[in-house]
């Protein structure tokens, strides 16, 4: 019998993508899955196999590995295998590992293995491919699991097959009440082992590498939770918090223990990578930018060549790292002023002598707060007024919090209350306020190279309604260039982040909640969904404003490319 599934964490090593090193005639080739001789023939990667940290006691692990739909010379019948993990609180973590049923390859047949498969052309991302494979092989779906963590992809080159593999590790958390795992024909048996026993298992090749990229230390786990469960801060505030967490780790945490510069630089980058990618993915662009640019500053100061780290004294390297992080923190606190001025100048340049400028916004954003405050002050000097309509921004009513924070900026000023009118309206009333608005403005938690902007739920509907009912209304996205991310596979996948349904239900009358729970117990399938972010396509946005001024889509695309190149420079050897 399997243990209770809500005590499980499922980890995956997923999505091995292969491409040809040299020209090969694809007509004579077939798809190759993970568990193949290609891995046993791979050389020169043993240095990546050591785990970087012990597994936290509350987690277990499991992997999945797949190949993409690239053609190579192997049998298509080499089907993947599932492995899932069990963890009981206050007890040692253990792996749930399964054995392959049939496989013509002697390197993999009957060995302990992992869930694997191919990335189909219809899969939007490696993550989606991983979920599809889990469903096919275990019957677990989105109702049973959610993504806990992903590991940094890595490449393996097989010269014999003229193939390069890209492997994407994932970790999945089983939800409370998840249904039992049901195997398909690919599996013969399973049992549990402790993580340290993996080396003694006759498992498929390269399992250790993916494992090492998913595991994090208990301290890192706590830092990730700080970011993950912060549903109050905006992207800029979360980015600053991530910097502060990294600084603390350098000063007195895990990063205070490395004894060599080489080890310190490696562990510093791993910590930054996990904070950026696994802390709060919905706001990850801002976190990535500040962390990665800080690392780039450190790299330029001390690592003029790949081997330069060997010539640096560790105390100097550590103190320089602290100074670089602190400098970034201070610089981030100053960048909003320039952006706010840029927005105020846009409004002034387009002013048509109307006495009142009507603006609609939503959610709570430091960028929007300072931009609007600067604009109101400048228009007030010209004896011009502003009417500001703010959507309440459910489920946590950030719009209400925004209004109170915004008004505090005028406490020491006179006259603002006579030149400013503010109204708070329900989200459902958006059409009534944009119908005669001059501007709809919102922030951007993530911006991808094609100009699409991710922001608080409600942004898309507001933009669509504005452009439909009032084409003269200018839709403006305000964000720092740190929010622009690259055009990688995942970056192009416009994913919606869902959070705790209780945040939605808290505003309901108790009688309604009780009645709904009763109906659910009677077998009615009713879900409460709490989406936090959504994507606004570029076609609904008239202007992009950053601290650099007005941005074109070409500017955004170029900045996205630079973001990708920066990440490759810093993490390319990990």
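In the UniProt record's numbering, the protein residues as written are 1 to 574. Where a beta carbon is used, it is the ideal one built from N, C-alpha and C, also for glycine. Note that the structure is predicted; figures quoted are calculated from it, not measured.
Best match in the options for proximity to residue i [C-alpha to C-alpha]
| i | options | result |
| --- | --- | --- |
| residue 133 | 118, 146 and 247 | 118 |
| residue 259 | 283, 219 and 314 | 314 |
| residue 374 | 435, 346, 160 and 465 | 346 |
| residue 311 | 536, 446, 261 and 484 | 261 |
| residue 131 | 152, 172 and 151 | 172 |
| residue 265 | 288, 280 and 318 | 318 |
| residue 550 | 396, 349, 432 and 418 | 349 |
| residue 557 | 484, 529 and 548 | 484 |
| residue 577 | 409, 526, 112 and 466 | With the chain covering 1 to 574 only, the question about residue 577 has no answer from this structure. |
| residue 388 | 433, 182 and 352 | 433 |
| residue 334 | 220, 358, 465 and 480 | 480 |
| residue 418 | 449, 380 and 399 | 380 |
| residue 473 | 435, 222 and 507 | 435 |
| residue 177 | 157, 146 and 196 | 146 |
| residue 561 | 507, 449 and 538 | 449 |
Through-space distance from residue j to residue i, alpha-carbon basis
| i | j | result |
| --- | --- | --- |
| residue 470 | residue 478 | 20 angstroms |
| residue 329 | residue 238 | 12 angstroms |
| residue 566 | residue 224 | 23 angstroms |
| residue 121 | residue 127 | 13 angstroms |
| residue 309 | residue 212 | 23 angstroms |
| residue 175 | residue 142 | 9 angstroms |
| residue 13 | residue 282 | Note on residue 13: pLDDT 45, under 50, position unreliable in the model; the coordinate value appears next. Roughly 22 angstroms separates the two Cα atoms. |
| residue 207 | residue 115 | 11 angstroms |
| residue 252 | residue 159 | 44 angstroms |
| residue 43 | residue 198 | Any answer about residue 43 is weak, because its pLDDT of 24 lies below 50 and its placement is not dependable; what the coordinates show is given next. Roughly 21 angstroms separates the two Cα atoms. |
| residue 155 | residue 326 | 34 angstroms |
| residue 267 | residue 255 | 7 angstroms |
| residue 555 | residue 453 | 14 angstroms |
| residue 502 | residue 233 | 19 angstroms |
| residue 397 | residue 200 | 54 angstroms |
| residue 144 | residue 278 | 20 angstroms |
| residue 216 | residue 303 | 26 angstroms |
| residue 445 | residue 395 | 18 angstroms |
| residue 257 | residue 168 | 29 angstroms |
| residue 352 | residue 410 | 26 angstroms |
| residue 509 | residue 219 | 40 angstroms |
| residue 287 | residue 559 | 16 angstroms |
| residue 526 | residue 507 | 18 angstroms |
| residue 59 | residue 468 | Confidence at residue 59 is low in this model, with a pLDDT of 31, below 50, so its placement is unreliable and the value that follows should be read with caution. Spanning the two alpha carbons is a distance of roughly 49 angstroms. |
Cβ neighbours of residue i in the same chain (closer than 6 angstroms, five flanking residues each side left out)
| i | result |
| --- | --- |
| residue 575 | Within the shown structure, residues of the chain are numbered from 1 to 574, placing residue 575 beyond reach of any answer. |
| residue 513 | 505 |
| residue 463 | 475, 536 and 540 |
| residue 378 | 344 |
Nearest-angstrom beta carbon gap, residue j and residue i [assumed within contact, 8 angstroms]
| i | j | result |
| --- | --- | --- |
| residue 339 | residue 563 | Not a contact, Cβ separation roughly 18 angstroms. |
| residue 594 | residue 486 | Because the chain spans 1 through 574 in this model, residue 594 falls outside it and cannot be assessed. |
| residue 482 | residue 290 | 6 angstroms |
| residue 372 | residue 458 | Actually they are not in contact, since the Cβ atoms of residue 372 and residue 458 sit about 18 angstroms apart, beyond 8 angstroms. |
| residue 393 | residue 456 | 6 angstroms |
| residue 285 | residue 536 | Contact doesn't hold; Cβ gap of about 15 angstroms is too wide. |
CB of residue i within 9 angstroms of CB of residue j, strictly
| i | j | result |
| --- | --- | --- |
| residue 441 | residue 292 | no |
| residue 451 | residue 544 | yes |
| residue 425 | residue 391 | yes |
| residue 275 | residue 324 | no |
| residue 149 | residue 214 | yes |
| residue 475 | residue 542 | yes |
| residue 461 | residue 422 | no |
| residue 231 | residue 499 | yes |
| residue 135 | residue 179 | no |
| residue 110 | residue 188 | yes |
| residue 184 | residue 137 | yes |
| residue 250 | residue 164 | no |
| residue 332 | residue 240 | yes |
| residue 517 | residue 438 | no |
| residue 280 | residue 227 | yes |
| residue 236 | residue 384 | no |
| residue 360 | residue 428 | no |
Own chain residues within Cβ distance below 8 angstroms of residue i, not counting five before or after
| i | result |
| --- | --- |
| residue 405 | 364 and 369 |
| residue 569 | 296 and 299 |
| residue 571 | 152, 269 and 273 |
| residue 320 | 298, 301 and 302 |
Spatial neighbours of residue i in its chain, beta-carbon cut-off 7 angstroms, leaving aside the 5 residues before and after
| i | result |
| --- | --- |
| residue 496 | 531, 533 and 534 |
| residue 24 | Note on residue 24: pLDDT 31, under 50, position unreliable in the model; the coordinate value appears next. Once the five neighbours on either side are set aside, the close Cβ partners of residue 24 are 162. |
| residue 401 | 364 |
| residue 576 | The requested residue 576 is not part of the displayed model; the chain covers only 1 to 574. |
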